[in-house]
Amino acid sequence: MKLSDNSDIKEIFFSVSLPPDSFEQQYLTCQPLSDAPLRINSLSLDIAGRCNLACRYCAEAATQPKVRAEMEPDVLDKLWSFMKKMDIQPESFRFGSGEPMLNKALLRYLHKKIDLTFPEESNIHPKVFITTNGTLLDNGDINWLVSTGWQVKISIDGPEEVHDRWRVMPGGGGTYGAVSKAVTEFSCRMPHRFSVTAVLAAGSDPEVVFFSLAALGVRRIELVPAAHNDPGTAPGLDEVTRYRDFIERYVDRLIEGHEQLPDLVRFSTRVARAMGFDNSFVQCGAGRNFFGVDPSGDLYPCFRFIGVSAYRMGNINDGVDLNLTKAFRNGAGRLWNERSTCRDCWAAPLCGGPCFAVSEMFGSGDGEPNQLYCAYTLIESHGAWRFVETLRKKDPARLLVYLPTAIQRYEKATCSGKTS
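The numbering of the sequence shown is numbering that gives the first Met the number 0, which starts it at 0 and goes up by one.
Laid out in structure tokens, this is it:
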């Protein structure tokens, strides 16, 4: 959504587009990205090729092919050969894009393959991240996932009346009952390896969503605005206003010492960067060191681009097309200081630039960021700067205690696609 499509949001956008009075960007130095040849260390695998839900705001349904085969074991074996040939030493694997629990057999095969190839005592033992809608998890699956040591994320949009408005079965039925049960179980059994993502669509109140998830025991919550071109689906003025008010109250609570609050993942990213940790010219390593692999073995900049032929960058059988990756890095995946809107934005070092997929598919079409996403990021950045500056002046010792926690939270949120 462009702001020109919703002029009411402009007032809020421009109120946060100005930096805080105390903001000093010169201290937030972004490290230059390596010019070295392609070095892949993170892979996202689309092992299912499809989803069992019909979420009403689904961004991938709007851009990806409707029918894809599921990944077969021989493709995984070829991927391992590709990694060996390319001398890839993976830091992480991610399973998303579609519903990975539709291919449970391959997940278990992959778990064995990772453990055999990268045993605990080896120098390389990649982290594994799985994102699921939670509807297909039985007790055996939950027990198994707890035992794997993997990071698990479930998509849940808040209380039942909100979740079941958007995250529905193909026939329209709600899914909250099964999903909330799984969320409660993981929150209890592995709180530090579990998180949730809630999509904020039209009508959502972030405060209600956040505290309903906290009531299920969740300790790490990611709130993201819906990426959709339908104004009846994407957030509007009311939702952006609520998000601004929610972030202001969240910061107030943190300053007052409510440390028991669940971690707000996107906000923690801004806090870490406001303290100068890992400021970057890109938000993630997509198309640089992070690639998506579709069920046939085709390679894409990340899982959000899987199946969109214009962004195909090779195949595990033939290798990566370096000309295509270079074109992506200079185009859709270019640095924020090469984008006019970002270059002029005070919060760019706290943001890292746009999500390439959202920018390309739901932005203005010229690589500039999606302005609705910008509004949310600016709101978070204002709150993060206020939090850091307040503690720096009034309680610096507490800020030093908070710093390692913020960095740890930041690394958990980003290591599946960090840049190098």
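Using N, Cα and C, we set each Cβ at its ideal position, and we do this for glycine too. The model shown is predicted, which means the values in this text are computed figures rather than measured ones.
Using the C-alpha atoms, what's the distance from residue j back to residue i?
i    : j    : result
G351 : G330 : 16 Å
Y401 : F266 : 13 Å
K1   : L263 : Interpretation of K1 is limited by its pLDDT of 45, a score under 50 that renders its predicted location unreliable; the figure taken from the coordinates is listed afterwards. Approximately 26 Å, taken between the alpha carbons.
R38  : D73  : 24 Å
L334 : P31  : 10 Å
M189 : N322 : 43 Å
E119 : I141 : 22 Å
S80  : S194 : 32 Å
E247 : D237 : 16 Å
P300 : K393 : 44 Å
S308 : S33  : 27 Å
F13  : E337 : 22 Å
E219 : L212 : Glu is not the amino acid found at residue 219; the sequence shown has Arg there. Rounded to whole angstroms, R219 to L212 spans 9 Å at the Cα level.
G97  : C50  : 5 Å
V207 : I87  : 43 Å
G172 : S339 : 44 Å
C373 : L115 : 43 Å
R164 : M85  : 45 Å
V387 : L75  : 45 Å
M100 : E69  : 11 Å
V425 : C341 : Outside the displayed range of the chain (0 to 419) lies residue 425, so it cannot be described from this structure.
S419 : V145 : Residue confidence is low: S419 scores 46 on pLDDT, short of 50, so the model does not pin down where it sits. Its coordinate-derived value is still stated next. If I take the Cα positions, the gap works out to 30 Å.
A197 : D365 : 28 Å
M168 : R55  : 10 Å
S415 : S41  : Residue confidence for S415 is low, a pLDDT of 44 falling below 50, so the modelled location carries little weight; the figure read from the coordinates is stated next. The alpha-carbon atoms of S415 and S41 are separated by roughly 6 Å.
E221 : A181 : 17 Å
A60  : M312 : 21 Å
R391 : S16  : 23 Å
S3   : V292 : Its pLDDT being 41, under 50, S3 is placed unreliably by the model, and the measurement read from it follows with that caveat. Those two C-alpha atoms are separated by around 36 Å.
A225 : L199 : 6 Å
P18  : I378 : 11 Å
P125 : V217 : 25 Å
S421 : G139 : Lying outside 0 to 419, the shown extent of the chain, residue 421 is not represented and no answer is given.
Which residue from the options puts its Cα closest to that of residue i?
i    : options                   : result
T174 : C283, Q88, G133 and N288  : G133
V161 : P169, G362 and P205       : P205
P158 : W143, V178, I141 and L144 : V178
F355 : N122, D317, F290 and R385 : F290
H381 : V270, C341 and T340       : V270
N102 : T62, K392 and L136        : L136
Q63  : D45, D76, M189 and W79    : D45
K152 : S203, F94, Q88 and I113   : F94
P368 : F276, L377, V357 and H227 : V357
F361 : L27, Y26 and C57          : C57
R385 : C341, E258, V250 and L260 : V250
S91  : P230, C373 and Q150       : Q150
Y26  : G275, Q282, A197 and A214 : G275
L428 : D297, I123, P234 and A68  : In the structure as shown, the chain starts at 0 and stops at 419, and residue 428 therefore has no counterpart that could be examined.
T376 : W345, A214 and I254       : W345
L260 : F209, F327 and H124       : F209
V66  : A214, G148, P294 and K83  : P294
V319 : P18, E184 and L78         : L78
T147 : N138, V127, T131 and S154 : V127
P348 : K325, E359, R303 and F280 : F280
S121 : N138, P89 and T131        : P89
I155 : D297, T268, T324 and T183 : T183
G231 : A201, A53 and P19         : A201
C21  : L398, L399, E359 and T389 : Cys is not the amino acid found at residue 21; the sequence shown has Ser there. It is T389.
P395 : I254, R272 and D297       : I254
M82  : D317, E359, K325 and L105 : D317
L52  : R192, T131, I123 and E10  : T131
A273 : E10, H191 and E23         : E23
E359 : Y310, T324, A383 and D343 : Y310
L398 : D229, E258 and F302       : E258
A383 : I11, R252, G176 and R166  : R252
L298 : S203, F327, C29 and I11   : F327
Pull up the DSSP beta-bridge partners for residue i, would you.
i    : result
F92  : L42 and V127
Q150 : F128
F290 : L42
L101 : L101 is not bridged to any residue.
G313 : V319
Y299 : G291
A396 : In DSSP, A396 forms no bridge with anything.
D262 : R219
A285 : F289
Residue ranges of each alpha helix (DSSP H) within the segment 316 to 375, 4 or longer: Counting only runs of 4 or more, we get 321 to 329, 339 to 342, 347 to 350 and 355 to 361.
Alpha helix (DSSP H) segments (min. 4 residues) lying fully within the segment 166 to 247: Entirely contained in the segment 166 to 247, the alpha helix (DSSP H) runs reaching 4 residues are, in chain order, 175 to 188 and 205 to 213.
Cβ pair count under 8 Å reaching 3, the segment 276 to 291 against the segment 231 to 243: Cβ pair count under 8 Å is below three, so no.
Touch test, the segment 97 to 116 against the segment 45 to 55, Cβ-Cβ under 8 Å, three pairs minimum: Flag = yes, the segment 97 to 116 and the segment 45 to 55 touch.
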